[in-house]
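In the working numbering, the protein residues as written are 722 to 825.
Ideal Cβ placement from N, Cα and C applies to all residues, glycine included.
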């Protein structure tokens, strides 16, 4: 037994309480560490996801540019389809505004 140890002068219930407090503190530190590790993993996934999405968008933009340079979009059928999509976008936007106004 160590000379400076208080275990010999404390009652067993006091030692148990101290052990409980130390265990709770240890558990809390472990939980905080695990939470921080999960957040770092999430941030890594987000960064990776953004990189992948960004490269996909860049590839699609390059395809559209090549098609535009080749005159693909000067075709009357392509222009008609584009006009239909633009009109649909405006209609959807207008419908959403009407719904939000009606809900108020």
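In whole angstroms, give me the CA-to-CA distance for residue 775 and residue 754. To locate residue 775, count along the chain shown from 1; it is residue 54. To locate residue 754, count along the chain shown from 1; it is residue 33. If you draw a straight line from the Cα of residue 775 to the Cα of residue 754, it comes to about 32 Å.
Considering only their Cβ atoms, is the gap separating residue 794 from residue 788 smaller than 8 Å? For this step, residue 788 is matched to residue 67 along the chain shown. For this step, residue 794 is matched to residue 73 along the chain shown. A distance below 8 Å separates the beta carbons of residue 788 and residue 794.
Neighbourhood of residue 799 by C-beta distance below 8 Å, restricted to the same chain and skipping five residues each side: By one-based count along the chain shown, residue 799 stands at place 78. The answer, listed in chain order, is 793.
From the DSSP output, in three-state form, read off residue 808 for me. Within the chain shown, numbered from 1, the residue matching residue 808 stands at position 87. The answer is helix: DSSP assigns residue 808 an H, G or I state.
Coil, strand or helix - residue 791 by DSSP: Here residue 791 refers to the residue found at position 70 when the chain shown is read from its first residue. Look at residue 791 here: in three-state DSSP terms it is coil, with no helix or strand label.
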